[in-house]
Structure formats: C-alpha cells, structure tokens
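S.K.:
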Amino acid sequence: MKLRELLAKIANSVEMPNPEGLDVTVTGICTNSHACQSGDLFIGMPGTRVDGGEFWESAIASGAVAAIISSQAAAKHPPKELSPETGVCVIAADDMTTVSAQTAAAFYNYPAQQLRLIGVTGTNGKTTTTHLIEFLLAHSSSPIPTALLGTLYARWPGFEQTASFTTPFAVELQQQLHLALKAGAQMAVMEVSSHALAQGRIQGCPFEVAVFTNLTQDHLDYHQNMDDYFSAKAKLFSSDYLKGRAIINADDSYGERLIQQLPTEQVWSYSIQNPSADFFSRDLSYEPTGVRGIMHTPVGEVSFNSPLVGQYNLSNLLAAVGTVLELGLDLESVAAALAQFPGVPGRMERVQIQPEQDISVIVDYAHTPDSLENLLRASRPFIEGKMICVFGCGGDRDRT
1 MKLRELLAKI
11 ANSVEMPNPE
21 GLDVTVTGIC
31 TNSHACQSGD
41 LFIGMPGTRV
51 DGGEFWESAI
61 ASGAVAAIIS
71 SQAAAKHPPK
81 ELSPETGVCV
91 IAADDMTTVS
101 AQTAAAFYNY
111 PAQQLRLIGV
121 TGTNGKTTTT
131 HLIEFLLAHS
141 SSPIPTALLG
151 TLYARWPGFE
161 QTASFTTPFA
171 VELQQQLHLA
181 LKAGAQMAVM
191 EVSSHALAQG
201 RIQGCPFEVA
211 VFTNLTQDHL
221 DYHQNMDDYF
231 SAKAKLFSSD
241 YLKGRAIINA
251 DDSYGERLIQ
261 QLPTEQVWSY
271 SIQNPSADFF
281 SRDLSYEPTG
291 VRGIMHTPVG
301 EVSFNSPLVG
311 QYNLSNLLAA
321 VGTVLELGLD
331 LESVAAALAQ
341 FPGVPGRMER
351 VQIQPEQDIS
361 VIVDYAHTPD
371 SLENLLRASR
381 PFIEGKMICV
391 FGCGGDRDRT
C-alpha cells in the first residue's frame with residue numbers, strides 16, 4: 001500500500017514535511033525502532049518515560065521507509081537533515097493514540113469490523129470468562145471459529161502465542177485481528193484491560209457484546225483511585241465501543257452503578273444472589289469436583305453441571321452463558337458443553353502429585369485481595385485438614 005493512500009484514510013491532520021516521500025510502498029508496520037524491516041512504516045509511540053518517536057532515525061536505519069512520530073518528538077529530533085532524494089517521510093502528529101490505531105486499522109483493512117467482537121473487562125474473572133466463551137462457541141451445534149486474546153496468550157485456528165499484555169497495543173491488536181480473520185476466525189473474544197481503555201488501544205473496535213465481571217482493588221498505582229479505575233472500565237460500555245448487549249454482574253456495586261448508566265433494554269444482568277437478575281441459578285450443589293444446579297435465563301431454564309469450583313466461578317459461568325445466548329447459541333447445547341469445559345491453566349488448577357499422599361495442590365492466579373479471598377473461601381469447605389497458602393508478592397507497584 002502506498003503511504004499516500006494509507007494516510008488518506010486517517011481522519012486526523014498530520015504534518016508532512018516531505019511530500020515526495022508519500023509515494024513509497026509500505027509493506028508492514030513496526031513500533032520498535034530496532035525491529036523495523038525494509039518497507040516498514042515506523043510508528044513511534046510516546047511512553048510514560050520515553051517517547052518512542054525520538055528513535056525514528058534508528059528505525060530508518062533498520063529499513064523503515066517512513067515514520068509517524070509525536071509532535072514533541074519531532075520538535076526534539078527534527079528531520080532537518082533529510083533531503084527529498086532520500087525518499088523518507090517523517091510525519092508529526094499531535095494525537096498519536098488515535099493516529100496509530102487508525103493507521104493500523106487501515107493498513108490491515110479494518111479487521112475489527114469484519115469480526116464479531118466480544119469484550120470482557122473487570123478486575124477478576126476475565127480470563128476464565130473469555131475461555132468459557134471461546135469453548136462454548138467452539139462446542140456449539142454449529143462450531144464458530146474464534147480468536148482468543150488475553151492474559152495468557154493470543155490464539156486462533158492454527159496459532160497460539162504467549163501474550164505480552166492482557167490487551168495488546170493498537171498496532172499489535174489490529175495485526176492479530178487481521179491474522180485471526182485470515183486464519184478463518186469469525187469471532188474474537190478479548191480481555192479488555194483498564195490500561196487499554198485508558199490508553200485508547202481498542203479504538204476502532206466495535207463490540208457486539210461487552211461483559212463487566214467486577215471491580216475490586218487493583219492497578220491503583222496507575223488509576224490513583226477507584227473512581228478513575230471504574231471510569232476507565234466503563235468506557236467499554238460507551239457508544240464509542242459497544243454496539244450491542246452489555247452483560248453485567250449485578251452483585252458488584254460498580255456493576256450496579258454501570259447498569260444504572262445504560263438503557264435498560266441494552267443490559268442483561270447476572271447474579272449469584274438476586275433471583276430477579278436476568279441470569280440466576282438455584283438448587284445449587286457445590287462440590288470438590290464442581291457445581292451443578294438449575295440456571296434461569298431470559299430464554300428459559302436448564303439444568304447444568306460444571307467442573308469449575310466455587311461461587312465466583314458460578315458468576316463467570318453466568319457471564320459466559322449470557323454472552324453466547326446473546327450471540328445466538330442454543331441454551332440446551334450450551335448447558336451440555338459446560339460439563340466438558342477443561343478449565344484454564346493457572347485458574348483453580350489442580351496439580352497432580354503422588355497419589356498415595358493425601359494432599360491436594362491448587363495453583364491459582366489470585367493476586368488481589370478479592371480474588372485471594374474468593375479462592376480460599378471456595379477451597380476451604382473441601383479441605384478437612386490444614387490449608388496452607390503460598391502467596392507471591394512482587395510488590396513495588398500498587399502501594400494501597
């Protein structure tokens with residue numbers, strides 16, 4: 001794609017000091033100046049400590065044919081030594097968040113608009129809920145090829161890669177959606193972090209369904225207070241992103257607050273406490289091997305049996321079932337698939353040790369006060385003897 005053609009699709013105005021350089025062909029996009037290859041467009045993103053745009057010269061030396069950088073980076077490192085003969089175009093932009101998202105979306109031919117997107121946000125439960133949704137879609141009566149983007153990995157048909165971030169930055173996100181679409185994915189279910197929402201990483205992504213799991217203390221080193229944290233999460237449910245149904249945990253005080261902010265007809269609520277919620281379960285039996293009961297939904301009731309343990313996982317189940325019903329799946333087939341769900345690595349995961357030893361070992365990602373309490377409460381009823389908790393704390397971030 002010609003750089004001139006690519007930039008024509010960007011709504012924001014940009015400064016173009018070398019119009020002749022607009023006729024180069026762009027074959028890729030890079031955000032790491034050292035990783036650029038011949039034909040790449042370098043997008044230098046401002047960071048909290050360093051502005052990546054300041055390294056545009058390194059990107060050009062690595063093979064990039066053009067660069068888009070912040071106005072601040074351009075002022076500090078002006079492209080004054082470039083001559084028209086170099087064919088290199090360095091473009092300054094005031095709003096790099098929007099420009100990077102729009103440029104990547106345009107380069108990859110707007111993959112987010114060709115996929116049905118599901119976004120899940122919340123402090124806890126995102127990973128289990130997204131895995132459940134992916135599994136239910138894959139095991140429906142008419143299986144739906146789905147991409148999964150989250151804390152553990154990015155994966156789609158024929159591909160899996162360890163994730164660097166819960167939600168990738170805009171350029172990587174658009175590339176992943178493009179590759180997933182190319183591999184045959186029809187839907188993409190994403191964990192959407194508060195950082196991603198605050199930083200505009202998902203600009204240009206229209207979500208058919210958005211899920212809110214809960215909001216408890218976390219990331220206050222970044223958001224400063226719970227109101228700011230909630231405001232970031234709530235962005236997913238704005239008209240900028242959400243084009244369809246909101247699935248919200250009514251047991252959470254912030255979830256209830258979010259419900260009050262949205263049109264009633266747009267919301268499906270779920271609860272493990274309130275029978276008046278759209279999704280609720282009764283006649284429950286919690287066991288070491290899982291939970292079973294009867295699930296009430298807007299389309300009827302169904303018996304279910306799940307290998308997931310604990311009340312908090314029942315909440316995740318309700319969120320996932322609400323999502324796939326909104327996407328058109330059949331309730332009976334969904335209930336049947338729940339019993340086959342294999343679980344999630346590092347989420348209430350049982351580790352096999354020597355069978356002759358009467359010891360159970362569980363590995364879990366719990367790292368917030370709420371998630372650790374839920375884990376211990378879920379485990380305690382099934383432990384007759386001593387329960388030992390080994391808890392790692394990296395520290396030096398959220399000091400609250």
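Position 189 (the sequence shown) corresponds to 189 in our numbering; numbering is contiguous.
Positions of the beta carbon are idealized from the N, C-alpha and C atoms, including for glycine.
1. Checking 7 Å against the spacing of the C-beta atoms, do F169 and R201 come in under that value?
2. By how many angstroms is the C-alpha of T121 removed from the C-alpha of L215?
3. Tell me the DSSP secondary structure of A8 in three-state form.
4. Counting only the same chain and skipping the five closest in sequence on each side, list residues whose C-beta sits under 6 Å from that of F391.
5. Taking C-alpha atoms, which residue in G290, T289, S333 and I247 lies nearest to I118?
6. How big is the Cα-Cα spacing for D94 and G47?
7. CA-CA distance, E332 and V324?
8. Report the CB separation of K76 from E57 in whole angstroms; it is logged as a contact under 8 Å.
9. As a quick exercise: from Q72, R49, A73 and V88, pick the residue whose alpha carbon is nearest that of G39.
10. With distance defined between alpha-carbon atoms, name the residue in P111, T27 and N316 nearest to S271.
11. CB V192 to CB T31, shorter than 7 Å?
12. Within its chain, find whatever has a CB closer than 6 Å to the CB of A154; leave out the 5 residues flanking it on each side and keep chain order.
13. Spatial neighbours of Q72 within its chain, please: C-beta separation below 8 Å, excluding the five flanking residues on both sides.
14. Can you list, in chain order, the residues of its chain whose CB lies under 6 Å from that of S83, leaving out five sequence neighbours each side?
15. Given that a residue counts as buried once 16 or more other Cβ atoms are within 10 Å of its Cβ, and exposed if not, what is Q102?
16. On a Cα-Cα basis, can you pick out the residue from M387, A319, L149 and A366 that is closest to S269?
17. Using CA coordinates, which residue listed in A336, M387, V302 and Q186 is at the minimum distance from H139?
18. Can you give me the start and stop residues for the alpha helix (DSSP H) that K243 sits inside?
19. Counting beta carbon pairs with one atom in the stretch 280-293 and one in the stretch 97-117, are three or more of them shorter than 8 Å?
20. Could you have a look at K386 and say whether DSSP puts it in helix, strand or coil?
21. Taking DSSP's pairing of strands, which residues face I294 in a bridge?
22. Can you give the Cα-Cα distance for M190 and L149, rounded to whole angstroms?
23. Name, in chain order, the residues that DSSP records as bridge partners for R257.
24. Just the C-alpha distance for P307 and T166, rounded to the nearest angstrom, thanks.
25. Whose CA, out of V302, N249 and L3, lies closest to the CA of V26?
26. Quick one: measure Cβ to Cβ for R245 and V209, integer angstroms, because I've assumed they're closer than 8 Å.
27. Where do the N-terminal and C-terminal ends of the beta strand (DSSP E) with A147 fall, by residue?
28. For V209, which of helix, strand or coil comes out of DSSP?
29. In this structure, what does DSSP give as the bridge partners for M187?
30. Please work out which residues of its chain come closer than 8 Å, Cβ to Cβ, to G28, disregarding the five sequence neighbours upstream and downstream, and give them in chain order.
M.R.: For this structure:
1. Position 169 of the sequence shown, counting from 1, holds the residue named residue 169. Position 201 of the sequence shown, counting from 1, holds the residue named residue 201. In this structure, R201 lies closer than 7 Å to F169 by Cβ.
2. Walking along the sequence shown from the start, residue 215 turns up at place 215. Walking along the sequence shown from the start, residue 121 turns up at place 121. Going from the Cα of L215 to the Cα of T121 covers about 9 Å.
3. Start at 1 with the first residue of the sequence shown, and residue 8 comes out as number 8. Of the three classes helix, strand and coil, the one that applies to A8 here is helix, per DSSP.
4. Locating residue 391 in the sequence shown gives position 391, counting from the first residue. Answer for F391: no residue qualifies.
5. On the sequence shown, position 118 is the one that residue 118 refers to. For the residues G290, T289, S333 and I247, the minimum Cα distance to I118 belongs to I247.
6. Translated into the one-based positions of the sequence shown, residue 94 becomes position 94. Translated into the one-based positions of the sequence shown, residue 47 becomes position 47. Approximately 14 Å between the Cα atoms of the pair.
7. Counting from one through the sequence shown, the residue named residue 332 turns up at place 332. Counting from one through the sequence shown, the residue named residue 324 turns up at place 324. Their backbone Cα atoms lie some 12 Å apart in a straight line.
8. Here residue 76 refers to the residue found at position 76 of the sequence shown. Here residue 57 refers to the residue found at position 57 of the sequence shown. No, K76 and E57 are not in contact; Cβ-Cβ is about 12 Å, not under 8 Å.
9. For the purposes of this step, residue 39 is taken as residue 39 along the sequence shown, with counting starting at 1. For the residues Q72, R49, A73 and V88, the minimum Cα distance to G39 belongs to V88.
10. Sequence index remark: in the sequence shown, residue 271 carries index 271 (1-based). The shortest C-alpha separation from S271 is found at N316.
11. Position 192 of the sequence shown holds residue 192. Position 31 of the sequence shown holds residue 31. Contact flag unset, no.
12. In the sequence shown, counting from the first residue as 1, residue 154 sits at position 154. Counting only Cβ-Cβ distances below 6 Å, and skipping sequence neighbours, we find Q161, A163 and Q176.
13. The count along the sequence shown starts at 1 and reaches residue 72 at position 72. So the list reads P46, D51 and G53, once near-sequence residues are dropped.
14. Here the question's residue 83 lines up with position 83 in the sequence shown. Residue placement at S83 is flagged as unreliable, the pLDDT there being 47, under the threshold of 50; a coordinate-derived value is accordingly withheld.
15. Your numbering for residue 102 matches position 102 in the sequence shown. The residue is buried, with at least 16 neighbouring Cβ atoms inside 10 Å.
16. Taking the first residue of the sequence shown as position 1, residue 269 is located at position 269. Answer by Cα proximity: A319.
17. Walking along the sequence shown from the start, residue 139 turns up at place 139. That would be A336, whose Cα lies nearest to the Cα of H139.
18. What you label residue 243 is simply residue 243 of the sequence shown in a count that begins at 1. Where K243 is concerned, there is no enclosing alpha helix (DSSP H), although the beta strand (DSSP E) it sits in stretches over L242 to N249.
19. no
20. Your numbering for residue 386 matches position 386 in the sequence shown. Three-state result, K386: coil.
21. Locating residue 294 in the sequence shown gives position 294, counting from the first residue. Paired residue(s): R282 and S303.
22. For the purposes of this step, residue 190 is taken as residue 190 along the sequence shown, with counting starting at 1. For the purposes of this step, residue 149 is taken as residue 149 along the sequence shown, with counting starting at 1. Cα-Cα distance, rounded: 5 Å.
23. The residue given as residue 257 occupies position 257 in the sequence shown. R257 is not bridged to any residue.
24. Taking the first residue of the sequence shown as 1, we reach residue 307 at position 307. Taking the first residue of the sequence shown as 1, we reach residue 166 at position 166. Rounded to whole angstroms, P307 to T166 spans 25 Å at the Cα level.
25. By 1-based counting over the sequence shown, the position of residue 26 is 26. Per the Cα distances, L3.
26. Within the sequence shown, residue 245 is the residue found at index 245, counting from 1. Within the sequence shown, residue 209 is the residue found at index 209, counting from 1. Correct: roughly 5 Å between the Cβ atoms.
27. Working through the sequence shown from its first residue, we reach residue 147 at position 147. Run containing A147: T146 to L149, per the beta strand (DSSP E) assignment.
28. If you number the sequence shown from 1, residue 209 lands on position 209. Strand.
29. Against the sequence shown, residue 187 aligns to sequence position 187. Answer is R116 and T146, bridged to M187.
30. Your numbering for residue 28 matches position 28 in the sequence shown. The answer, listed in chain order, is Q37, G39, D40 and L41.
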